[in-house]
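Using our numbering, the first residue of the sequence shown is number 9, and each one after it goes up by one.
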Amino acid sequence: MRAYSVWVPILKSDVEGTVAQATMQLHDERVSHFWDAGGELVKGYSRVMKFGDEQPAWDIYFVFDRDAEWKGEPPAPAFWMHQLKLAPEKRFDGERLAAEINKLLQSAGQRCLVPRAGAIRDPRHERNHQDGHRR
9 MRAYSVWVPI LKSDVEGTVA QATMQLHDER VSHFWDAGGE LVKGYSRVMK FGDEQPAWDI
69 YFVFDRDAEW KGEPPAPAFW MHQLKLAPEK RFDGERLAAE INKLLQSAGQ RCLVPRAGAI
129 RDPRHERNHQ DGHRR
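Given below as structure tokens:
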């Protein structure tokens, strides 16, 4: 299992200099962090997910199966959740996210690596201590 966190400038306080501290919210050796200054990933996934120009694709959790490949447009996720004003049934829920990840791992013949939901904290309760904004 691999995890990628892409930090983008959506809020005024979202600048490259604050990313190092913000990455501590996802402090795990399996997570690779990236800074996307131009918001290219946000734009790409807004198109792929058909969110439209008025809703940038950020504060979203995508889960991909092992066959996902990036060729041209970003790949569509096998499962996703959000913290935006989108589909209520896709609203972030740590228990459900863990269950969906474990389903994909099991279908790939891997053991479950994601513990019960207590390990996937609701980021709405996580704060960046420097500026008080969620990432």
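Quick reminder that beta carbons are idealized off the backbone N, C-alpha and C, glycines included.
So, helix, strand or coil for residue i, using DSSP?
i	result
I18	coil
R104	helix
A11	strand
E37	coil
M89	strand
K98	helix
E48	helix
V23	coil
D139	For D139, the predicted structure reports a pLDDT of 42, less than 50, and the residue's modelled location is therefore unreliable. A value from the coordinates is still provided. DSSP places D139 in coil when its eight states are reduced to three.
K58	coil
A125	Reliability of the predicted coordinates at A125 is poor, the pLDDT of 49 falling under 50, and the value obtained from them is presented with this limitation in mind. Here A125 sits in helix by DSSP.
Measure how close the beta-carbons of residue i and residue j come, nearest whole angstrom, since I'm counting them as under 8 Å.
i	j	result
H35	D67	Going by Cβ atoms, the distance from H35 to D67 rounds to 19 Å, so no, they are not a contact pair.
Y69	L105	6 Å
V56	A84	6 Å
S13	V50	Not really, about 13 Å apart at Cβ, beyond 8 Å.
Out of the options, which has the shortest C-alpha to C-alpha gap to residue i?
i	options	result
L113	G25, V71, K20, S13	V71
N110	F87, P17, P83	F87
D22	G47, D101, E103	G47
Can residue i and residue j be called in contact, C-beta distance under 8 Å?
i	j	result
L94	Q63	yes
A45	E77	no
G4	E81	Here the chain comprises residues numbered 9 to 143, so residue 4 is not present and cannot be evaluated.
H41	T26	no
So, does the CB of residue i fall closer than 8 Å to a CB anywhere in chain C?
i	result
I18	The chain labelled as chain C is not found in the depicted structure, where only one protein chain is given.
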